[in-house]
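For what it's worth, UniProt numbering labels the leading residue of the sequence shown as 1, then goes sequentially. Taking it in order: structure first as structure tokens, then the write-up.
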Amino acid sequence: MIPIGYSGLPIRQVAYFVQDVRAAAAAHAAAFGSGPYFVADNIPLRRCLHRGVEAHLDHSSAYGQWGELMIEFVQQNNPGPSAFRDMFSEGREGFHHVAIIVDDLDAARARMEAAGFPTALEAEMHDGFRFLMMDAVERHGHMIELYAGVPTLTGFYDFVKKAAAGWDGSNPVRTISLG
């Protein structure tokens with residue numbers, strides 16, 4: 001169950017924390033016909049806070065479409081604390097978060113924190129795009145990622161969904177840059 005105030009907002013993405021995003025994406029594509037997957041290596045962040053403390057996060061992600069839902073596989077490339085390591089110790093993997101697009105990121109954070117879901121991650125990419133990871137693990141077993149529906153994000157979602165339309169299964173894992 002999604003926290004109060006989010007019942008009308010669809011889950012736009014489900015994400016798994018894995019050791020190797022390319023292998024996970026290829027396996028999911030083979031098993032379920034999802035994809036194609038677009039892999040961004042070492043996604044650059046301008047700023048990253050883990051539970052309110054400045055942190056370094058080097059991560060890579062694979063993004064693909066499965067019906068109406070985007071699937072993300074994410075790996076952490078550096079040691080140290082993170083919203084991913086909060087759930088999975090070194091060598092472990094599993095379901096990590098659902099993502100919701102909100103109208104106002106700061107207001108959404110305030111509502112989530114008031115409902116008992118602390119901010120595990122606040123990050124900003126170099127183009128100014130911000131996203132939050134809210135800790136819903138105790139109540140729901142996973143994190144909830146929030147981001148505003150800015151054109152950079154919605155355009156990327158459209159790009160991935162359009163690539164999946166009529167996809168013939170060839171070249172299931174492709175490299176892109178999010179720099």
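Glycine included, C-beta positions come from ideal geometry on N, C-alpha and C.
Touching by the beta-carbon criterion (3+ pairs, under 8 Å), the segment 57-64 and the segment 5-25: These segments touch.
Residues sharing a beta bridge with alanine 123, DSSP: What you label residue 123 is simply residue 123 of the sequence shown in a count that begins at 1. The bridge partners DSSP lists for alanine 123 are Cys48, Phe131.
Where does the unbroken beta strand (DSSP E) through glutamate 145 begin, and where does it stop? Here the question's residue 145 lines up with position 145 in the sequence shown. It spans 142-148 - the beta strand (DSSP E) in which glutamate 145 sits, taken as one unbroken run.
(message) Please report the straight-line C-alpha distance between tryptophan 167 and serine 89, rounded to a whole angstrom.
(response) Residue 167 sits at position 167 when you count from the first residue of the sequence shown. Residue 89 sits at position 89 when you count from the first residue of the sequence shown. If you draw a straight line from the Cα of tryptophan 167 to the Cα of serine 89, it comes to about 36 Å.
Arginine 92 - DSSP class collapsed to helix/strand/coil = In the sequence shown, the residue the question calls residue 92 occupies position 92. Of the three classes helix, strand and coil, the one that applies to arginine 92 here is coil, per DSSP.
_Start and end residues, alpha helix (DSSP H) containing glycine 155_ = Position 155 of the sequence shown, counted from the start, is the residue given in the question as residue 155. Where glycine 155 is concerned, the enclosing alpha helix (DSSP H) stretches over 151-164.
Worksheet item: Distance, Cα to Cα, phenylalanine 73 vs alanine 29?
Response: Position 73 of the sequence shown, counted from the start, is the residue given in the question as residue 73. Position 29 of the sequence shown, counted from the start, is the residue given in the question as residue 29. In this structure, the alpha-carbon of phenylalanine 73 lies about 12 Å from that of alanine 29.
Practice problem: Would you list the residues sitting across from serine 60 in a DSSP beta bridge? | Solution: As a first step, residue 60 is located in the sequence shown; it is residue number 60 there, counting from the start. Per DSSP, the beta bridge partners of serine 60 are Gln75.
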